[in-house]
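So that you can map any letter, position 280 of the first sequence is 279 in numbering that gives the first Met the number 0, and since no number is skipped, the others follow by simple counting.
For each residue, glycine too, the CB sits at the ideal point set by N, CA and C.
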Amino acid sequence: MSRYDFSSVEAKWQKYWDEHDTFKASDDYSKKKFYGLVEFPYPSGHGMHVGHIKAYSGLEVVSRKRRMEGYNVLFPIGFDAYGLPTENTAIKENIHPRIVTDRNIEKFTNQLRTVGFSFDWSRVVDTTEESYYKWTQWIFLKMFENGLVFRDKTSVNYCPSCKVVLSNEDSQGGKCDVCHSDIIQKTKEVWYLRITEYADKLLEGLETVDYLPNVKLQQQNWIGKSTGAFVDFKIKEQDEKLRIYTTRPDTLYGVTFMVIAPEHPIIQKYRDSIANIAALDDYKAECAKKSEFERTQLVKDKTGVKIEGLTAINPITGKEIPIYISDYVMMGYGTGAIMAVPAHDTRDYDFAKKFGIDIIEVIKGGDITKEAYTGEGELVNSGELNGLSNKKDAINKALEILEKLGCGEKGVQYKMKDWAFNRQRYWGEPIPIVHCDTCGMVAVPYEELPLRLPEVENFEPGTDGESPLAKIDSFVKCKCPKCGRDARRETDTMPQWAGSSWYFLRYCDPKNDNEFASQEALKYWMPVDWYNGGMEHVTRHMIYSRFWHKFLYDLGLVPTAEPYAKRTAQGLILGPDGEKMSKSRGNVIDPNDVVAEYGADVLRLYVLFMGDYEKAAPWSESSIKGCKRFVDRVWSLQDMLTEGTEYTDGLRSNFHKTIKKVTEDIEAMKFNTAIAALMTLINDIYNAGSINKAELGTFCTLLYPFAPHISEEIYNSVFDTVLSEQGWVSYDEALCKDDTIEIVVQVNGKLKAKLNIAVDADKDSVIALALADEKVKEATDGKNILKQIYVPNKLVNIVAK
RNA sequence: GCGGGUAUGGCGAAAUUGGCAUACGCACCAGAUUUAGGUUCUGGCGGAGCAAUCCGUGCAGGUUCAACUCCUGUUACCCGCACCA
């Protein structure tokens with residue numbers, strides 16, 4: 000057999016699949032279905048790197064296997080094409096983002112096709128197409144209609160480099176998600192989606208889905224539900240109450256001061272009666288200047304200013320308590336005010352030490368002269384709460400007292416905040432709202448959707464966070480849909496997460512002009528049976544899309560409460576240097592180069608063989624050669640081909656075992672060991688010296704999900720039929736076992752001998768055989784045999800002393 | 001600081017979940033084929049030792065006939081959140 004010419008074979012089968020619609024999902028809703036979803040890419044100008052290939056290869060293998068198992072498979076792909084990098088390229092090269100997007104999508108498409116992924120190319124979605132974003136706007140208006148959209152003027156995350164307002168999810172770690180600049184806080188009126196309204200549903204829904212434990216946990220932590228109490232403290236000098244949130248109302252007797260955020264409105268309200276208002280203003284201004292990063296670096300060194308002129312009264316003890324402002328209390332969480340219990344909270348403790356405030360122990364167990372005690376213990380110095388040592392009981396009792404006094408109640412808080420939903424940029428979906436002086440905010444009528452993105456000369460954002468759309472008079476000036484008077488259009492656009500929040504629904508029915516997808520299609524295809532993607536999206540895209548989905552579910556527009564039944568994640572491919580792949584490090588591996596040198600099958604095999612699918616692993620230029628050799632050895636199997644319609648005796652159990660292993664490993668995403676099993680099998684075949692037709696057919700089938708091109712080619716040349724149109728192979732559990740088996744004989748746990756025995760031999764005969772062994776005799780000579788352990792088909796252990 | 005994870009040959013990694021530690025691949029060594037090899041094939045390959053044997057899964061203990069696997073403690077690295085009251 001001549002050398003394997005991978006490039007012509009791969010091109011041949013890609014053409015065949017394309018022409019025969021091999022991977023097109025059928026509209027026959029009577030079949031059993033499988034919906035496998037991978038995160039659609041953002042088509043950047045750099046093209047894909049091998050990390051994308053790994054991300055898609057997992058479900059690619061599963062999907063190919065599922066089709067052979069008789070499922071109607073939906074395995075779609077699309078492009079999440081709105082976003083800043085495209086717009087920045089457009090500005091730099093002075094061309095329209097549409098052109099940049101089309102160019103990039105073409106590049107990505109070519110790359111994906113070169114690798115031979117079995118996507119249904121007839122269902123491609125592009126979030127920037129009118130036929131798609133029309134429905135993104137439509138869902139937004141539904142939310143608007145249902146009170147989930149609002150505007151608020153508060154402190155927001157702002158990226159000075161990108162010149163946009165960012166959501167909390169987009170500014171994790173105090174850095175901009177797009178350009179990694181430091182985020183600053185700015186007071187601005189922005190749009191919000193009321194995602195917090197769905198916090199409980201998002202949390203509860205996690206109980207019903209099959210996500211990786213890690214994915215669930217990160218979402219739980221991100222939502223960050225905490226239960227506690229709101230407590231009202233009277234202000235001595237005013238007819239006013241200061242409301243705080245605490246998780247430990249049982250420590251109320253230990254409160255020796257209070258802290259409110261520098262931005263707390265009560266300061267403005269009573270500024271005339273605060274003696275040191277100038278000092279408070281100065282402190283507040285200083286805090287505003289600090290970046291998120293600086294604020295978190297100063298954890299130990301607490302700062303703050305005492306308010307002269309406002310004093311709180313402890314509702315339970317009646318004691319007077321001073322109030323401070325400090326930046327360790329955030330306006331964005333709870334009520335922006337806390338009761339400080341320095342004896343039992345490390346932050347309050349640090350603050351009290353610095354400002355010389357009393358520290359009163361109310362929970363026994365620690366040494367509060369040294370540090371705050373945050374553990375559990377018996378309550379002391381706490382009036383009627385004294386003696387309680389169970390935390391839960393103490394909290395309930397405290398709540399009871401507060402409720403009786405009418406100055407407190409149970410409360411729940413979430414770390415998750417409402418979703419800042421607008422960006423001051425061009426390349427996004429226009430927000431379909433009109434501002435009318437008479438009617439306020441008015442929705443663009445549904446029949447006018449899509450509200451098209453207008454043509455612009457200049458995509459540069461304005462200096463003070465103003466969208467480029469604001470400069471287009473013809474876009475901005477409009478009539479109010481309600482009253483017909485002159486009005487202004489909203490000029491901000493949606494964040495890039497909008498389009499990806501429902502794309503999996505569109506795949507079910509991508510060409511529909513009347514609905515975002517038909518109920519019939521949704522009922523059949525949803526939920527997504529298996530979703531695979533990156534860990535970096537579990538607290539952004541996944542939370543957002545689950546929120547949109549749950550909203551649509553509440554309106555009766557989608558059939559399932561959760562969009563994804565199962566979610567897994569792939570590990571990163573690191574550069575050959577072990578560092579994260581990035582353009583700046585220059586360690587990016589281009590899949591096109593790999594395909595050109597080794598072929599698509601080798602690339603596909605290698606990204607799955609390199610290690611545990613869920614773990615990060617560095618790319619190795621030399622290791623990939625092992626996969627290349629394997630593919631060449633597969634090709635050479637044709638040289639040892641013999642006739643035969645059944646497995647030969649010497650290889651029968653090897654084949655059954657390998658079918659079982661590969662079948663199970665694919666389901667468990669253990670692709671590396673599945674491929675290793677195929678390598679072991681081919682070594683066995685080489686040792687046997689020949690392979691018959693039946694065996695080669697099975698081998699090609701097992702290899703097909705991983706390396707479909709060479710599998711199709713060999714199978715086709717041997718059987719003259721097309722492998723991708725055949726079924727999956729089965730195995731017989733009984734035939735996975737050999738007739739005789741090697742078991743281990745140990746004496747006192749140390750390996751002494753190996754025995755070949757019949758499978759399922761009885762205990763007595765095996766032990767007799769073991770005791771007869773020379774080495775065993777030697778090791779047990781002159782000793783008492785205390786115990787004989789026999790694990791069937793595994794080992795014998797003789798315990799002797 | 002809190003939460004989660006990982007640690008096994010020179011390297012990437014396996015181990016039926018308590019039962020032969022290192023499958024499979026890379027690298028390396030030896031032999032064969034080849035005019036030649038960044039080809040192919042065969043064999044070897046945890047450490048020490050001539051050997052029998054001993055030691056060996058981050059470290060220290062423990063449970064067990066038997067521990068990479070379970071328990072206690074500890075160290076290092078990675079990821080997520082981070083003054084969340």
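{"Asked": "Identified DSSP bridge partners for Thr-310", "Found": "Pro-321"}
{"Asked": "Counted within 10 angstroms of its Cβ, other Cβ atoms place Arg-566 as buried (16 or more) or exposed", "Found": "buried"}
{"Asked": "Contact check, Leu-722 vs Ser-710, beta carbons under 8 angstroms", "Found": "yes"}
{"Asked": "Backbone CA spacing between Lys-549 and Glu-196 [nearest angstrom]", "Found": "11 angstroms"}
{"Asked": "Per-residue burial, Asp-600 [other beta carbons within 10 Å of its own, 16 or more giving buried]", "Found": "buried"}
{"Asked": "Proximity to Met-330 [Cα-Cα], best of Ile-243, Val-746, Glu-666", "Found": "Ile-243"}
{"Asked": "His-536 versus Phe-39 - alpha carbon distance", "Found": "12 angstroms"}
{"Asked": "Length at least 4, wholly inside the stretch 32 to 96: the alpha helix (DSSP H) runs in chain order", "Found": "49 to 67, 83 to 92"}
{"Asked": "CB contact flag (Glu-377, Gly-386, <8 angstroms)", "Found": "yes"}
{"Asked": "Endpoints, alpha helix (DSSP H) assigned at Thr-662", "Found": "651 to 666"}
{"Asked": "Residue range of the beta strand (DSSP E) that includes Tyr-244", "Found": "240 to 245"}
{"Asked": "Whole runs of the alpha helix (DSSP H) within the stretch 365 to 444, excluding any shorter than 4 residues", "Found": "390 to 404"}
{"Asked": "Per DSSP, the bridge partner or partners of Glu-489", "Found": "In DSSP, Glu-489 forms no bridge with anything."}
{"Asked": "Per-residue DSSP class, three states only, for Phe-107", "Found": "helix"}
{"Asked": "Stretch pair the stretch 509 to 519 + the stretch 466 to 474: three plus CB contacts closer than 8 angstroms", "Found": "no"}
{"Asked": "Secondary structure of Asn-586, DSSP reduced to three states", "Found": "coil"}
{"Asked": "Runs of beta strand (DSSP E) wholly within the stretch 696 to 749 (minimum 3 residues, chain order)", "Found": "739 to 746"}
{"Asked": "Contact check, Arg-487 vs Lys-476, beta carbons under 8 angstroms", "Found": "yes"}
{"Asked": "contact_flag[the stretch 518 to 527, the stretch 18 to 34] where n(CB pairs < 8 angstroms) is 3 or more", "Found": "yes"}
{"Asked": "Close beta carbons around Phe-107, own chain, < 8 angstroms, minus the five adjacent residues each side", "Found": "Pro-40, Pro-42, Gly-46, Met-47, Phe-78"}
{"Asked": "4-residue-minimum alpha helix (DSSP H) runs that sit fully inside the stretch 488 to 539, ordered along the chain", "Found": "502 to 505, 518 to 524"}
{"Asked": "Alpha-carbon to alpha-carbon, Pro-431 and Leu-450", "Found": "6 angstroms"}
{"Asked": "6 angstroms Cβ shell around Ile-623 - same chain, five flanking residues per side excluded", "Found": "Tyr-605"}
{"Asked": "Beta carbon of Asn-691 nearer than 8 angstroms to that of Glu-642", "Found": "yes"}
{"Asked": "Residue(s) in a DSSP beta bridge with Met-257", "Found": "Ile-322, Met-338"}
{"Asked": "Contact set for Gly-333: own chain, Cβ-Cβ below 6 angstroms, skip 5 residues either direction", "Found": "Tyr-244, Gln-412"}
{"Asked": "Beta-carbon proximity list for Val-124, same chain, < 7 angstroms, skipping 5 on both sides", "Found": "Gly-77, Tyr-131, Tyr-502, Arg-505, Tyr-506, Pro-509"}
{"Asked": "Under 8 angstroms between C-beta atoms of Glu-9 and Gly-598", "Found": "yes"}
{"Asked": "Three-state secondary structure (DSSP) of Leu-785", "Found": "strand"}
{"Asked": "Glu-188 - containing alpha helix (DSSP H), residue span", "Found": "Run containing Glu-188: none in the alpha helix (DSSP H); it sits in the beta strand (DSSP E), 183 to 192."}
{"Asked": "Contact the stretch 218 to 230 vs the stretch 279 to 289: 3+ CB pairs below 8 angstroms", "Found": "no"}
{"Asked": "Helix, strand or coil at Ala-560 [DSSP, three-state]", "Found": "coil"}
{"Asked": "Element boundaries [beta strand (DSSP E), containing Cys-158]", "Found": "148 to 158"}
{"Asked": "Opening and closing residue of the beta strand (DSSP E) in which Cys-626 lies", "Found": "Segment 623 to 635 is the alpha helix (DSSP H) holding Cys-626; no beta strand (DSSP E) there."}
{"Asked": "Beta carbon of Arg-539 nearer than 8 angstroms to that of Thr-492", "Found": "no"}
{"Asked": "Contact check, Leu-794 vs Gln-745, beta carbons under 8 angstroms", "Found": "yes"}
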